[in-house]
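Working notes, beginning with the structure itself.
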Amino acid sequence: MATSKLANILLDALEDERKAEATYAAVIEKFGPVRPFSNIIARLIHQKCPEGLAGVA
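At position 5 of the sequence shown (counting the first as 1) the number is 270 in this note's numbering, and the numbers step up by one without a gap.
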């Protein structure tokens, strides 16, 4: 697989993660730190991995 294709795949995955995080944050803002959204937000550190692999960190 070409490096640029892999980078695009990883960037797409990162964008999906960012959209999900925005959704979770909106739920928490409206309803408070309710599960499972508060737990999911706490685990979003893995989002940084694709950024580094794609060279966009």
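All C-beta atoms, glycine included, are put in the ideal place defined by N, C-alpha and C.
One Cα belongs to residue 280, the other to residue 293, and the distance between them is close to 20 Å. For residue 272, the enclosing alpha helix (DSSP H) covers residues 268–296. Here the C-alpha atom of residue 289 lies approximately 31 Å from the C-alpha atom of residue 268.
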